Amino acid sequence: MPGAVGIGGNQTGIYPADVPSGWRIIGTTPVTLFSPAKEEPFLFSSGHYIKFVPISEEQFLTIKQMGDATR
């Protein structure tokens, strides 16, 4: 599932597309991480530090809607 947040050992990853994984999925992000039509298709690069914070379902839907509007 695109946006799935997985944890494996002492690392965390965010899946940009629907791909198989052996990591435990612990959440999801409403942010689109990969948009192949954009000049810079990836939102993040290797080495970026990302902080995860819990949000409500309402906040999730609002953020997702805002991102969908900018595509």
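Per our numbering, the sequence shown runs over residues 16 to 86.
A virtual CB, placed ideally from N, CA and C, is assigned to each residue, including glycine.
Predicted model only: the values in this text are computed from it and were never measured.
Count the other CB atoms, across all protein chains shown, that sit within 10 Å of the CB of residue i; report buried if there are 16 or more and exposed otherwise.
i	result
A77	According to the sequence provided, residue 77 is Thr. The question's Ala does not apply to it. With fewer than 16 Cβ atoms within 10 Å of its Cβ, T77 is classed as exposed.
A19	buried
Y30	buried
Have a look at the DSSP bridge pairing and note the partners of residue i.
i	result
G21	G28 and I40
F49	F57
So for residue i, helix, strand or coil by DSSP?
i	result
F59	coil
F67	coil
D83	helix
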